[in-house]
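Taking it in order: structure first as structure tokens, then the write-up.
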Amino acid sequence: MLRKWKQAVVVGSSQGIGEALVYELARHDISVALVSRNDAAMKAVAEKAKTLGQAKYFPTYHHDVTNYAEVPELFQQITKDIGGLDVIIYNAGVMPDVKLDEYNFEKDKHIIEVNLLGAMAWLDEAAKRFTSVEEGTIVGISSIAGERGRIVNPPYHTSKAAIATYLESLRNRLSRRGVNVVTIKPGLIETEMGKKSPNRLWMITPEEAARQIVKAARRGAVVKYVPWKWRIMSFVLHSIPSFIFRRLSF
Numbered sequence: 301m302l303r304k305w306k307q308a309v310v311v312g313s314s315q316g317i318g319e320a321l322v323y324e325l326a327r328h329d330i331s332v333a334l335v336s337r338n339d340a341a342m343k344a345v346a347e348k349a350k351t352l353g354q355a356k357y358f359p360t361y362h363h364d365v366t367n368y369a370e371v372p373e374l375f376q377q378i379t380k381d382i383g384g385l386d387v388i389i390y391n392a393g394v395m396p397d398v399k400l401d402e403y404n405f406e407k408d409k410h411i412i413e414v415n416l417l418g419a420m421a422w423l424d425e426a427a428k429r430f431t432s433v434e435e436g437t438i439v440g441i442s443s444i445a446g447e448r449g450r451i452v453n454p455p456y457h458t459s460k461a462a463i464a465t466y467l468e469s470l471r472n473r474l475s476r477r478g479v480n481v482v483t484i485k486p487g488l489i490e491t492e493m494g495k496k497s498p499n500r501l502w503m504i505t506p507e508e509a510a511r512q513i514v515k516a517a518r519r520g521a522v523v524k525y526v527p528w529k530w531r532i533m534s535f536v537l538h539s540i541p542s543f544i545f546r547r548l549s550f
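Numbering-wise, our numbering puts 347 at position 47 of the sequence shown, and it's gapless, one number per residue.
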């Protein structure tokens, strides 16, 4: 049975998968609060979303996800403004290029701050709210890149593995309280981030990714690979012994 949602928050909603998620939710007549640091792009997304369904309320909130101290008050303001909350999706993420001979702590730190700590700041607030009402859906974006520690971008792989573990822990805490926690593991998506990859295997559009994510979350999925074929790749990756995996160049 599909969950009935009226109000949603998408953190990281000005482009790529986040933008597509806002549109997909709008098509299901769900009001969406947009959170991003890119005001102009975010407001343009909100205006388009108003034309896609019956929901007409798409407020925007300027926020840098590394400003953790701002989150509790902003979260409360958003839920008050939109009249409740059924689902929150944390989509914010960065993946700067990391050279094979590069060890840059400032760059590593920024990736962890955005991809992991920002998620924890927002989803902890959602967990508290949903626990109190014993319902709600939390969606976090991990990645197939978090399945193993590859050589190309250690901090990015680390951040995606860590958020997957964090979401599993939340799920184990919250499922007994009627709260669903969904881990999304996309493969290659046609976004600015995805286009950096020379590999095009099973690449899909942000719109198709959003459709699959929303459908899976409304059905109460636990872990969703986007598209599903990446589950096969996950099995393959985990089957490769370390002494072989460390010799691979991808």
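Each residue gets a CB set at the ideal place from its N, CA and C atoms; glycine is no exception.
Bear in mind that the values here come from a model prediction, so they are computed numbers and not experimental data.
| said: On the criterion of 16 or more Cβ atoms from any shown chain inside 10 Å, does leucine 501 qualify as buried, or is it exposed? | reply: exposed
| What is the C-beta distance between glycine 572 and valine 479, in whole angstroms, given that I count them as a contact (C-beta under 8 Å)? | An answer regarding residue 572 cannot be provided, because it is not within the stretch 301 to 550 covered by the chain.
| said: Helix, strand or coil for lysine 524? Go by DSSP, reduced to three states. | reply: strand
| task | Compute the distance between the beta-carbons of glycine 318 and valine 311, then report whether it is under 9 Å. | result | The answer is yes: Cβ separation under 9 Å.
| Quick one: what's leucine 334 bridged to in DSSP? | Per DSSP, Val310, Thr360.
| Using a Cβ-Cβ cut-off of 7 Å (strictly less than) and excluding sequence neighbours within five positions of alanine 509, which residues of its own chain qualify? | Ile317, Ala320, Pro486, Ile489, Val526
| Helix, strand or coil: which one does DSSP assign to valine 482? | strand
| request: Inspect the beta-carbon positions of tryptophan 305 and arginine 471 and report whether they are closer than 9 Å. | output: Not in contact: tryptophan 305 and arginine 471 (Cβ atoms no closer than 9 Å).
| said: If contact is defined by three or more beta carbon pairs under 8 Å, each pair taking one atom from either stretch, is the stretch 437-450 in contact with the stretch 327-336? | reply: no
| task | Could you check if threonine 465 is buried or exposed, using at least 16 other CB atoms within 10 Å of its CB as the buried criterion? | result | exposed
| task | Apply the 10 Å Cβ neighbour rule to serine 459 and answer buried if 16 or more other Cβ atoms are within range, or exposed otherwise. | result | buried
| query | To the nearest angstrom, how far is it from the Cα of alanine 340 to the Cα of threonine 351? | reply | 18 Å
| Skipping 5 residues on each side, what residues in its chain have a beta carbon closer than 8 Å to that of lysine 407? | Pro396, Val398, Pro455
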